[in-house]
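Residue numbers (this note's numbering): 436 to 629. Beta carbons are placed, not taken as given, at the ideal position from N, Cα and C, and that holds for glycine. Treat the numbers as computed from the prediction; the structure is a model and nothing was measured. Only one structure is covered here, and it is reproduced in the block below.
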């Protein structure tokens, strides 16, 4: 059973079952694969930098609503500015998000359940990675407001109590979202503690 992260000097320490760690790393891997740049790195830092400046003449906002939440337009009022900003930054933003997710995944994979011990950089990477994963899950669950989140929590509790039946895939997404939210709060509070 999971126990929240606590600050111990320059580290955060928490307890998680191997299955809990496996579920979180699985969701983070899916998130990394979803946001990773469509153009792979060449291995040449200069070529990758130049490629990251964008070569699409007219890049478009992602059609997938979850990806659009992760990569929002720079301006909702000026389409030309939004397109130019996306052309110049999207590849690099995707690279940074994928790298942050990879750091979080590696930190969790290195843990020896039940103890998960993170240095502060790993903890910050995990907090950001959980944010991205929750944004995607939240979009898939139709969460836009605090009321939507409260509704989700109530529905999940009712399903766990056997009061209502939910589609198993929906219940799984809801449970993941709830657990990732708790874990993110745990990491964030641990980072804020002195």
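- Distance between residue 530 and residue 613, taken at the CA atoms: about 27 Å.
- Just so you know, the alpha carbons of residue 576 and residue 598 end up roughly 20 Å apart.
- In this structure, the beta-carbon distance from residue 517 to residue 510 falls below 7 Å.
- A residue is called buried once 16 or more other Cβ atoms fall within 10 Å of its Cβ, and residue 542 is buried on that count.
- Taking a contact as a CB-CB distance under 8 Å, the pair residue 567 and residue 536 counts as one, their CB atoms being some 7 Å apart.
- Taking C-alpha positions only, residue 584 is separated from residue 603 by approximately 19 Å.
- Nearest to residue 464 by C-alpha distance, out of 593, 534, 578 and 546, is 534.
- Bounds of any alpha helix (DSSP H) do not take in residue 449; it lies within the beta strand (DSSP E) bounded by 446 to 450.
- The criterion of a C-beta distance shorter than 7 Å is satisfied by residue 549 and residue 450.
- In this structure, DSSP gives residue 601 a state outside helix and strand, which the three-state scheme calls coil.
- A buried status is given to residue 466, since no fewer than 16 other beta-carbon atoms sit within 10 Å of its beta-carbon.
- For residue 470 and residue 564, the gap between their C-alpha atoms comes out near 11 Å.
- As the crow flies, the alpha-carbon of residue 460 is around 13 Å from that of residue 569.
- With contacts defined as CB atoms closer than 7 Å, residue 574 and residue 501 qualify as a contacting pair.
- For the options 626, 594, 468 and 439, the alpha carbon positioned closest to that of residue 571 is the one of 468.
- Taking C-beta separations shorter than 6 Å and ignoring five residues to either side along the sequence, the partners of residue 455 in its chain run 437, following chain order.
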